[in-house]
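Data block below; observations after.
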Amino acid sequence: MPSDRPAASAARRRTGPRKHDFPVADVRRYLEPGPIVLVSSRHGGRDNLMTMGWHTVMEFTPSLVGCVIASSNHSHRMVRDSGQCVINLPTMALLDTVVKVGNSSGAEVDKFAAFGLTAAPAGEVDAPLVAECHANFECRLHDDALVDRYDFFILEVVKAHVARTPKHPRTVHYTGDGRFVVAGRTVSRRGLFRPGML
């Protein structure tokens, strides 16, 4: 009697890998939105830093970024009241510092001093840049309509500073459970894009 194993194997290949039920609260391990960033703010004569992983590009022009800053976070009130902040992009070299910043409260410690980071002046906002980061994006609060309900801030990037090298920095991406994915090699499919879609 002929075996149907080849047909079964072909069917599995066509339908994709075998899957199992997964806790919905942990889908961030697969849908994390981008690299971990440090958000710096200034209000009432004090500077603060927070580690953030939940952010998303919303528009190109104006350059809008949406992000979640929990109301329990010291930065929530500082960003809302000042109406500005800086999104700073660290690389793998700062990973331990990024974790330490996230594990502490700005209400209790000066994070710039505690973790040896340099607060540099911005060009368009009052909040400081983190000089050690690969890039700094100065932001103004564009829309706070979703802050009360979802802690969701819509920021407009009004000035950007990016290091010339490396072109593709080793950014870190948090997947939960204390684990990070580090940006690796890049691949190009430029030739497959339609004009205007790059």
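If you read the sequence shown in my numbering, its first letter stands for residue -15, the second for the next number, and so on. We treat Cβ as the ideally placed atom computed from N, Cα and C, and that holds for glycine. Quick caveat: nothing in here was measured; it's all calculated off a predicted structure.
Cβ neighbour criterion (16 or more within 10 Å) applied to residue i
{"i": "ASP65", "result": "exposed"}
{"i": "PRO112", "result": "buried"}
{"i": "GLY50", "result": "buried"}
{"i": "PRO179", "result": "exposed"}
{"i": "VAL156", "result": "buried"}
{"i": "ALA106", "result": "buried"}
{"i": "HIS27", "result": "buried"}
{"i": "GLY29", "result": "exposed"}
{"i": "GLU108", "result": "exposed"}
{"i": "VAL23", "result": "buried"}
{"i": "ALA103", "result": "buried"}
Proximity winner among the options, relative to residue i (alpha-carbon distances)
{"i": "MET181", "options": "LEU79, VAL156, PHE44", "result": "PHE44"}
{"i": "GLN68", "options": "VAL52, ASP110, LYS95", "result": "ASP110"}
{"i": "PRO19", "options": "SER172, THR159, THR170, ARG173", "result": "THR159"}
{"i": "PHE164", "options": "LYS143, ALA115, THR(-1), LEU79", "result": "LEU79"}
{"i": "ASP161", "options": "THR102, ASP10, LYS3, ASP135", "result": "ASP10"}
{"i": "SER25", "options": "MET42, GLY0, LYS95, HIS39", "result": "LYS95"}
{"i": "TYR14", "options": "ARG30, TRP38, ASP31", "result": "TRP38"}
{"i": "ASP31", "options": "HIS145, ALA144, PHE177, LEU101", "result": "LEU101"}
{"i": "GLU92", "options": "GLU108, SER59, GLU116", "result": "SER59"}
{"i": "VAL114", "options": "LEU130, ARG124, ALA97", "result": "ALA97"}
{"i": "MET56", "options": "LYS143, SER88, ALA77", "result": "The question names Met, but residue 56 in the sequence shown is Ser. Ranking LYS143, SER88, ALA77 by Cα distance to SER56 puts SER88 first."}
{"i": "ALA77", "options": "PRO150, PRO1, LEU130, ALA104", "result": "PRO150"}
{"i": "ARG61", "options": "ARG2, GLY90, VAL41", "result": "GLY90"}
{"i": "GLU122", "options": "ALA103, ALA54, LYS143", "result": "LYS143"}
Own chain residues within Cβ distance below 8 Å of residue i, not counting five before or after
{"i": "HIS126", "result": "PRO46, LEU48, ILE138, LEU139, GLU140"}
{"i": "GLY175", "result": "none"}
Spatial neighbours of residue i in its chain, beta-carbon cut-off 7 Å, leaving aside the 5 residues before and after
{"i": "ASP128", "result": "ARG64, PHE137"}
{"i": "THR170", "result": "HIS152"}
{"i": "PHE99", "result": "THR81, LYS84, VAL85"}
{"i": "ALA147", "result": "HIS118, ALA119"}
Whole-number beta carbon distance between residue j and residue i, since they are thought to touch under 8 Å
{"i": "VAL85", "j": "MET34", "result": "7 Å"}
{"i": "ARG154", "j": "THR81", "result": "Their Cβ separation, rounded to whole angstroms, is 15 Å, which puts ARG154 and THR81 out of contact at 8 Å."}
{"i": "VAL52", "j": "ASP135", "result": "5 Å"}
6 Å CB neighbourhood of residue i in its chain, flanking five on each side removed
{"i": "ALA167", "result": "ARG154, THR155"}
{"i": "LEU73", "result": "VAL21, CYS117, HIS118, ALA119"}
{"i": "HIS145", "result": "ASN120"}
{"i": "THR40", "result": "PRO17, GLY50"}
{"i": "LEU130", "result": "PHE136"}
Exercise for the section: Ignoring anything shorter than 3 residues or poking outside the region -9 to 65, list the beta strand (DSSP E) runs there in chain order. Expected result: 21 to 27, 30 to 36, 39 to 43, 48 to 52
Exercise for the section: For the region 101 to 155, list the beta strand (DSSP E) runs that are entirely contained and at least 3 residues long, ordered along the chain. Expected result: 119 to 127, 136 to 146
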